[in-house]
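Have a look at the structure below, then the notes.
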Amino acid sequence: MPNATLKLESVGKRFGPITAVDGIDLTIDRGEFFTLLGPSGSGKTTLLRIIAGLEPPDTGRVLIAGRDVTDLPPYGRDIGMVFQNFLLFPHKTVAENIVFPLRMQRVGRAKRDERLAWIIKLMHLDRLEGRYPNELSGGQQQRVALARGLIAEPELLLLDEPLANLDRELRSEMEVEIRRYQKELQIPFIYVTHNQEEALTMSDRIAVMRNGRFEQVGAKVEIYTNPGSAFVASFVGHANRLEGKLVEANGALGRMEWHGRSILVSCPEGAVAGAALQLSIKYEDLEIAPAGANGVGLQGRNQLPGKLRDIIFKGQTANYIVTLADGVEIIASATPRALSLRPEEAVVVHWPAGGGACFAG
Amino acid sequence: MSAGTLQITPRRTKLYRLFAFRFALLAGPGALFIAIALLLPLLSIVVFSFWRTESYELYADWNLDNYRVMLTEPAYRVFFLRSFFMALSVTLACLVISWPVAYFIAKHGGRYRLLLVLLLAAPFFTGVILRIAALQGLFGPIGLINMTLTEVGLPPIQMLMYTPLAAGIGLVYLYAPFMITAIYLSVINFNFELLEVAKINGAKPWRAFIEITWPLNWIGTAIGLVVVFIPCLASVVTQRFLGGTQSSSFGMSLAQQFGETGTWALGSAMGVALFVFSIAAIILIGRSINLKRSGFTGVINP
Chain A
60 MPNATLKLES VGKRFGPITA VDGIDLTIDR GEFFTLLGPS GSGKTTLLRI IAGLEPPDTG
120 RVLIAGRDVT DLPPYGRDIG MVFQNFLLFP HKTVAENIVF PLRMQRVGRA KRDERLAWII
180 KLMHLDRLEG RYPNELSGGQ QQRVALARGL IAEPELLLLD EPLANLDREL RSEMEVEIRR
240 YQKELQIPFI YVTHNQEEAL TMSDRIAVMR NGRFEQVGAK VEIYTNPGSA FVASFVGHAN
300 RLEGKLVEAN GALGRMEWHG RSILVSCPEG AVAGAALQLS IKYEDLEIAP AGANGVGLQG
360 RNQLPGKLRD IIFKGQTANY IVTLADGVEI IASATPRALS LRPEEAVVVH WPAGGGACFA
420 G
Chain B
40 MSAGTLQITP RRTKLYRLFA FRFALLAGPG ALFIAIALLL PLLSIVVFSF WRTESYELYA
100 DWNLDNYRVM LTEPAYRVFF LRSFFMALSV TLACLVISWP VAYFIAKHGG RYRLLLVLLL
160 AAPFFTGVIL RIAALQGLFG PIGLINMTLT EVGLPPIQML MYTPLAAGIG LVYLYAPFMI
220 TAIYLSVINF NFELLEVAKI NGAKPWRAFI EITWPLNWIG TAIGLVVVFI PCLASVVTQR
280 FLGGTQSSSF GMSLAQQFGE TGTWALGSAM GVALFVFSIA AIILIGRSIN LKRSGFTGVI
340 NP
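Same order as they appear, the protein sequences are chains A and B.
Position one of the first sequence corresponds to residue 60 (our numbering), numbered consecutively onward.
Position one of the second sequence corresponds to residue 40 (our numbering), numbered consecutively onward.
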C-alpha cells in the first residue's frame, strides 16, 4: 500500500465503562493535512495519543509508514507532536529545545546546527535561540514547539489543539502558517481540534468524531456542504435546525410539515410519509427579503414570513434574526450592505426547494 | 528648584504607618528570636574560640592557640575526615534510596500520597535516642539479626556490630525521611507531561530522566543533600551508640570539649570550623543551582 503514512485498523480503547475510541479505521496519505474534529469527550485526543504511543489501544493495529508500531513505545515511532500547552522544556533554551529530537537520534553536531538554522529561518525564530521558554510569548512558544516537532522531519506530526491557548488574532495567523509548513514539508499532519473554523481553514480532509466513532470523513468542502448526519450538519458551520414531519414523499423531493407550514425538502433515503425529519439549513443558505417584494424570484422556493427582530453585525456578514409567526426564531446571514432592512420590519425568509440537509430524526 | 521639575516627597500617611506597624508586628518576633537564639550563641562561640580555658574556666586573653591545636593535632584531623566521609557516604546512600521512594509516592501515590508522606514522620513519634537504641537491638552482638544467625548455626555478621557501617546505616535511617520529603516536594510540582514529550521526541526512559526529570528537580535534590549532609557532619549520638571505637566523630570530640575535658575554647574553635565548613558545603551545592536552568519560573520578567 504505497503512500499511506498512517493506517489504523479497527483501533479501540475503553476507559472503564466508557468507550473512548470505538473501532476506528483510517488511512492517511503522505502530504495530507488531516483534522480530527469533534466536541470534547468525542475521543479525538485519545485517538491521537494512541497514534503517538502514549496510550496502548485495546484492539486493533497502528501502522506508520507500513510498519506495525502498535506495541512500540513513543520513542520508536518516528513522530513529532505539538501540544495545547506547548510543553517546552523550561530548563532548555529555544535552540536546545528545538534540536532535542536530533540529539536523541544521535545526529552529529554539524548536521544539528545546519538543521537548526534551516528551521529557525523557516519559522522566523531568529534571535530567539538563546532565550528560555518563559521569556517567550505564547505564539513564539508554539512556533518553537512546532519547530521541535518538525526538525527531525518525522513520518507524521500530531497536533493536539495547538492553538487553543492563543488569542484570536494570533490564532488565525498561525492557522495559515501551520498550513504553509505542512504544504512546504509534505509531512502529514494530524490535527485535533474542537474548533470547526480551524478545521475548515487548515485541513485537506476532516473526520468529524462523536462518541469514539467517525461520524463522517471527507474533504472539508464535502463535510461542509454535504453533511452526512444531523450531528455533522449542526457541528460544522452555523445552521438552523427545523424538526418536522414528512407528509408526502414524492421522489427526491418531499413535503415536510413544520409548525403548520409546508417545506419542500430533499428526502433522506428510505423516508416514508409520517417519518420525523430534521432539516438543517446553514445561515448563509437562507435569503431574506422585505415582505412586500414577493413575486419575482420567489416562485418555487420555500418561504417563511416573519418579522426581523435584530441584526447582529459581524463585519463581513450580518446575522438577521427573524421571528416567525409562532415565535420561532430563524437566522439568515447576508452581506449587510446588500440589504437595507430595519428591525421590526416584516420580511420573508426563503431558500430553494429541497435546499439544506435533511435527515431522518 | 527650577521650573518644571516635579518634586516628589514621600508622604508618611496614616496608611503608610499602619503598614509599617503591621510589618514590624509580623516580622519582629521571628527576627528577635533568631537574633537571640541563633546569632548571639554563634557570636559567643566565635569569641570563645579566641580565648583560653584553664581548669574549667574561660579566660579572655586573645590568641590563636585553639586553632593551632585543632589543625596540628592528628587526632582532630582523623575525627574530621571520618565525619566528612561518613556524612558524604550517608548523603549518597540517602540520595539513592530517596529518589525512587519520593518519585513513586509523587507519581503513583494517588489519593494515598499525603498519608504516605505523613508516614515518613512516623519515626519522629519517638526520640532519636530510642530509635538508635532500637537499631542497637537489631545490629548488636545479641541483637535480632546476629542472634537469629547464631541460633541457626551461622556466624554473626561482624560488620554490623559497633562498626562505622552500623553507624552509617543508623544515620541513613535517621536522615532519609528528610531527603525523601525534599525530593518529594520537588517531584510533586514536576510536570510529568514533559516526559511524554521527551519520549515522543525519541528519548528512552533513562535518557528522559537524565535530560528532563533530574535537572528539573535539582533544587529539591540539592536541598535534600544539604539537610542530610550538614547534620551528619556534626552527628554525635549515632556514632556513640552504634559506631564503636572506629567511628569516633568530630562531633563526639567537640561535645567532649564542652563536657568531660572542659576545654570550652578549643570546643568553640572546633564549632567554628564545623560551621565554616558547613557554610562552604552549602555554598558549593548552592552554586550548582542555575535558576534559569532549573525550570524555576518567575525569575525573569522579559
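Positions of the beta carbon are idealized from the N, C-alpha and C atoms, including for glycine.
query: Chain A within 9 Å of Arg-150/B, Cβ atoms only; result: no
query: Ordered list of alpha helix (DSSP H) runs contained in the region 40 to 115 of chain B, each at least 4 residues; result: 53 to 73, 79 to 87, 104 to 111
query: Beta-carbon neighbours of Arg-207/A, restricted to chain B and to distances below 9 Å; result: Val-236, Asn-240
query: DSSP beta-bridge partners of Ala-416/A; result: Ser-339/A
query: Residues in the region 111 to 124 of chain A having any Cβ partner in chain B nearer than 7 Å; result: Ala-111, Leu-113
query: Gln-275/A - containing alpha helix (DSSP H), residue span; result: Note, Gln-275/A: premise wrong, no alpha helix (DSSP H); beta strand (DSSP E) at 272 to 278.
query: Environment of Lys-242/A [buried if 16+ CB atoms lie within 10 Å]; result: exposed
query: Helix, strand or coil at Met-268/A according to DSSP, with G and I counted as helix; result: strand
query: Residue range of the beta strand (DSSP E) that includes Ala-391/A; result: 388 to 393
query: Sub-9 Å separation of Ala-211/A and Leu-161/A beta-carbons; result: yes
query: Other residues of its chain near Ser-287/B: CB distance less than 8 Å, five sequence neighbours each side excluded; result: Phe-118, Arg-121, Gln-278
query: Selected residue, minimal CA-CA separation from Ile-262/B, among Val-226/B, Leu-79/B, Gln-285/B; result: Val-226/B
query: Residue range of the unbroken alpha helix (DSSP H) whose run includes Phe-290/A; result: 289 to 294
query: Coil, strand or helix - Met-60/A by DSSP; result: Because the pLDDT of Met-60/A is 43, which lies under 50, any placement of that residue in the model is unreliable, and the question is left without a value.
query: Counterpart residues of Arg-120/A in DSSP-defined beta bridges; result: Glu-68/A
query: Contacts around Lys-279/A, its chain only, beta-carbon distance under 6 Å, and the 5 residues preceding and following it disregarded; result: Leu-259, Ser-262, Ile-265
query: Met-140/A: contacting residues in chain B (beta-carbon distance under 9 Å); result: Glu-235, Val-236, Ile-239, Asn-240
query: Under 8 Å by beta carbon: chain B residues contacting Pro-133/A; result: Glu-235, Lys-238, Ile-239
query: Buried versus exposed call for Ile-73/B [16 or more other C-beta atoms within 10 Å across all chains shown]; result: exposed
query: Sub-9 Å separation of Val-203/A and Val-121/A beta-carbons; result: no
query: Own chain, CB closer than 6 Å to Leu-312/A, minus 5 neighbours either side, in chain order; result: Leu-323, Gly-413
query: Through-space distance from Ala-221/B to Asn-270/A, alpha-carbon basis; result: 44 Å
query: Separation of Thr-118/A from Lys-72/A, as counted between CA atoms; result: 7 Å
query: Chain B contacts made by the region 162 to 174 of chain A, where a contact means CB separation under 7 Å; result: Met-163, Gln-164
query: Closer than 8 Å at the beta carbon, the chain A residues around Arg-246/B; result: Met-163
query: Buried or exposed (CB count within 10 angstroms, at least 16 for buried), Lys-103/A; result: buried
query: Cβ shell of Ile-251/B (< 7 Å), same chain only, five flanking positions each side left out; result: Leu-233, Leu-234, Ala-237
query: Minimum Cβ-Cβ distance from Leu-146/A to chain B less than 9 Å; result: yes
query: For Gly-365/A, three-class secondary structure by DSSP; result: strand
query: Rounded C-alpha distance that separates Glu-188/A from Arg-174/A; result: 13 Å
query: For Phe-248/A, the three-state DSSP class (helix, strand or coil); result: strand
query: Beta-carbon gap between Pro-213/A and Ile-179/A smaller than 9 Å; result: no
query: Local Cβ density within 10 Å of Trp-317/A, reported as buried at 16 or more and exposed below that; result: buried
query: DSSP-derived helix/strand/coil call for Tyr-379/A; result: strand
query: Classification of Gln-164/A by the beta-carbon crowding that lies within 10 angstroms, buried from 16 upward; result: exposed
query: 6 Å Cβ shell around Glu-96/B - same chain, five flanking residues per side excluded; result: none
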